[in-house]
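Participant:
Residue numbers (the working numbering): 881 to 1228.
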């Protein structure tokens, strides 16, 4: 009977481990599909761009960027006390209590090495157990009283979410969300008409209009955006690093190079061909720090698939199927220079 129980116990343990591994794999797959954008939109990196007919809903937020989130770090003079209160509290084994435990442990070790053997260590462990039990009961009591006081006094502030922004504000994903991967530049990344990553922002984004174009984008600029779409995609598919560096900002280039490096490590190559812009709309354009920014929603078609680097066999996608993708690209232009790709966001 006992042997059967042990056998079933081992079987249940194996099943539990298998379920945990499978759930982890599902979560990682979902995380890849839910990846956000990369790059920089200047001071608007963590704000939702205006919506357009091409991208009628807000795109996914930018979660891979070198731009500091000033909204997250903004403070006011009157929140000095709040900053002190927000400092991390020492845990159960911190402060004086931790020092006491450390002293007892050191004393037991010294006693053991001085000849009292494990008797001194056993006495020390017994005292540690008693102190831990008393400390645990005291901590539970403190939490219970604190919870009662908080319930009686009500919430200490407004209903905020994300980085301390109002609940209805646009909340970009955290920059520290490292489990998330860089989004693919083409349709294999899950963007646009194939289903997309899914945005789900609570705020109603602005609608693009004449007021969102603060610098006066011309038809020549729009033609350059279309050429950049085609040239960046072609350079990406050809793994032409030199060409990509000339078409993108150093930050955007670093993320694209990282993605290409991942493909090489995995033994695959992303082929992107026959890129054609089907529809495009200017979402917003503005100037800051002497540079012009333009965010454009683009729906384009392409042949996008993965192949094995050694054999040339198709690893993912269909080399004969034309797919459509909707993405939001941001371009930046320095004085007396051409436009460069600065950020890519997947349409929700």
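The beta-carbon is built from N, C-alpha and C at its ideal position, and this holds for glycine as well.
Three-state secondary structure (DSSP) at residue 1225?
Facilitator: strand
Participant: Report the residue ranges of all alpha helix (DSSP H) runs contained in full by the segment 1175 to 1208; include only those spanning at least 4 residues, in chain order.
Facilitator: none
Participant: Taking the alpha carbon of residue 919 as the point to measure from, which residue in 1100, 1137, 1114 and 1018 has its own alpha carbon closest?
Facilitator: 1137
Participant: Tell me the rounded alpha-carbon separation between residue 939 and residue 1116.
Facilitator: 22 Å
Participant: Alpha carbons only, please: which of 1165, 944 and 1100 is nearest the one belonging to residue 1093?
Facilitator: 1165
Participant: With DSSP run on the structure shown, which of helix, strand or coil describes residue 1214?
Facilitator: coil
Participant: Below 8 Å CB to CB, which residues in the same chain sit around residue 1200 once its five sequence neighbours on both sides are set aside?
Facilitator: 1183
Participant: Going by CA-CA distance only, name the one from 942, 1170 and 1118 that's closest to residue 1140.
Facilitator: 1118
Participant: Suppose the cutoff is 8 Å on Cβ atoms and the five residues either side in sequence are ignored; what does the same chain contact list for residue 1231 look like?
Facilitator: Residue 1231 is absent from the structure shown; the chain starts at 881 and stops at 1228.
Participant: Express the C-alpha separation of residue 1189 and residue 1150 in angstroms, rounding to a whole number.
Facilitator: Spanning the two alpha carbons is a distance of roughly 9 Å.
Participant: In the structure shown, what three-state DSSP assignment does residue 1032 receive?
Facilitator: Any reading at residue 1032 must be qualified, since the residue scores a pLDDT of 46, below 50, and its modelled position is unreliable; the value itself is stated next. Residue state, collapsed to three classes: helix.
Participant: Quick check: residue 1224 and residue 1207, are their CB atoms within less than 8 Å of each other?
Facilitator: yes
Participant: Can you list the beta strand (DSSP E) stretches of 3 or more residues lying completely in the segment 1136 to 1180, in chain order?
Facilitator: 1148 to 1168
Participant: What residues are listed by DSSP as bridge partners for residue 1015?
Facilitator: According to DSSP, residue pairing for residue 1015 in a beta bridge does not occur.
Participant: At what residues does the alpha helix (DSSP H) containing residue 1099 begin and finish?
Facilitator: 1099 to 1118
Participant: Taking the C-alpha atoms as reference points, what is the distance between residue 1174 and residue 1228?
Facilitator: 19 Å
Participant: With DSSP as the reference, label residue 944 as helix, strand or coil.
Facilitator: strand
Participant: Is it true that the CB of residue 1221 sits closer than 8 Å to the CB of residue 1110?
Facilitator: Cβ atoms of residue 1110 and residue 1221: not closer than 8 Å.
Participant: Does DSSP classify residue 937 as helix, strand or coil?
Facilitator: Of the three classes helix, strand and coil, the one that applies to residue 937 here is coil, per DSSP.
Participant: By Cβ distance, which residues of its chain are closer than 7 Å to residue 1197, with the 5 residues on each side in sequence left out?
Facilitator: The residues are 1068, 1184, 1185 and 1186.
Participant: Does residue 1128 come out as helix, strand or coil in the three-state DSSP assignment?
Facilitator: strand
Participant: Can you give me the C-alpha to C-alpha distance between residue 1120 and residue 1143, rounded to a whole angstrom?
Facilitator: 14 Å
Participant: Short of 6 Å in beta carbon distance, which residues of its chain neighbour residue 1095, apart from the five on each side in sequence? Order them along the chain.
Facilitator: 1165, 1167 and 1172
Participant: Can you name, in chain order, every residue of its own chain whose Cβ lies under 6 Å from the Cβ of residue 945, other than the five neighbours on each side?
Facilitator: 920 and 925
Participant: Using only the alpha-carbon positions, how far apart do residue 1089 and residue 931 sit?
Facilitator: 9 Å
Participant: So residue 922 is in the beta strand (DSSP E); what residue range does that whole segment cover?
Facilitator: Here residue 922 belongs to no beta strand (DSSP E), and DSSP marks it neither H nor E.
Participant: By alpha-carbon positions, which one of 936, 1213 and 1152 ends up nearest to residue 1178?
Facilitator: 936
Participant: Is it true that the CB of residue 1176 sits closer than 8 Å to the CB of residue 1195?
Facilitator: no
Participant: Count the other CB atoms, across all protein chains shown, that sit within 10 Å of the CB of residue 927; report buried if there are 16 or more and exposed otherwise.
Facilitator: buried
Participant: Let's test the definition: count the other Cβ atoms within 10 Å of the Cβ of residue 1192 and tell me whether it reaches 16, buried, or not, exposed.
Facilitator: exposed
Participant: Cα separation between residue 1146 and residue 1134?
Facilitator: 18 Å
Participant: Just checking my contact of residue 941 with residue 922 at CB under 8 Å: how many whole Å lie between their CB atoms?
Facilitator: Actually they do not touch by this definition, with Cβ atoms about 15 Å apart.
Participant: Take residue 1215 and list the residues in its own chain whose beta-carbon comes closer than 7 Å to its own, dropping the five residues that flank it on each side.
Facilitator: 1170
Participant: Counting only the same chain and skipping the five closest in sequence on each side, list residues whose C-beta sits under 8 Å from that of residue 1202.
Facilitator: Shown here for residue 1202: same chain residues with a beta carbon closer than 8 Å to its own, the five before and five after excluded, namely 1154, 1181, 1182 and 1183 in chain order.
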